[in-house]
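Undergrad:
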Amino acid sequence: MDDTVLNALRDQAEERADLASLWLYGSRARGAHHAQSDYDIAVAFTDWQHDPLERRLRPELMALDWQATLGLPENALSIVDIAIAPIPLAWTIISDGILLWDRNPSLRMQQESRIMSRWEIDYLHSRKHYD
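Take the sequence shown: its letters are residues 1 to 131, numbered as in UniProt numbering.
1. DSSP has Leu22 in a bridge; who is on the other side?
2. DSSP three-state label for Leu9, please.
3. Mind checking whether Leu72 and Tyr39 have CB atoms under 9 Å apart?
4. Are the Cβ atoms of Ile94 and Ile82 separated by less than 9 Å?
5. Between the C-alpha atoms of Ala17 and Thr69, what's the straight-line distance to the nearest angstrom?
This is how it looks when you write it as structure tokens:
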């Protein structure tokens with residue numbers, strides 16, 4: 001996938017010591033995007049913010065910062081923290097998304113394992129028994 005914005009996002013990730021991994025998901029990952037489609041990005045952080053407000057705002061503030069740094073239009077970039085994303089979204093990210101950058105494979109695999117377990121327990125189990 002040759003995209004200057006994706007390369008710039010990788011560079012931005014490389015500059016942050018608190019990032020472990022970066023995924024592209026959504027229409028751009030599926031190849032169903034158009035020129036004005038936004039970039040849907042998921043990140044895995046290396047640390048856990050104990051303050052719930054800080055934890056919730058961190059990816060959004062990072063998106064605003066990266067958007068300004070890269071000169072992207074407003075709302076061209078959305079970032080979610082995979083550790084706090086709803087399980088259906090997190091499952092879609094790891095199953096259909098594209099891993100763009102990975103500084104800490106063991107942390108990434110830990111997150112992916114947690115998501116797969118929760119998906120199986122919370123969603124597949126109930127579908128098997130109640131559908």
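No residue lacks a Cβ here, since even glycine has one placed at the ideal position from N, Cα and C. All values derive from a computational prediction rather than experimental measurement.
TA: Looking at the atomic coordinates:
1. In the sequence shown, residue 22 corresponds to position 22, counting from 1. Assignment of beta-bridge partners to Leu22 by DSSP yields Val43, Trp101.
2. On the sequence shown, position 9 is the one that residue 9 refers to. Reduced to three states, the DSSP call for Leu9 is helix.
3. Here residue 72 corresponds to residue number 72 of the sequence shown, with the count starting at 1. Here residue 39 corresponds to residue number 39 of the sequence shown, with the count starting at 1. Closer than 9 Å, so yes.
4. The count along the sequence shown starts at 1 and reaches residue 94 at position 94. The count along the sequence shown starts at 1 and reaches residue 82 at position 82. Yes, the Cβ-Cβ distance between Ile94 and Ile82 is below 9 Å.
5. Position 17 of the sequence shown, counted from the start, is the residue given in the question as residue 17. Position 69 of the sequence shown, counted from the start, is the residue given in the question as residue 69. Approximately 17 Å, taken between the alpha carbons.
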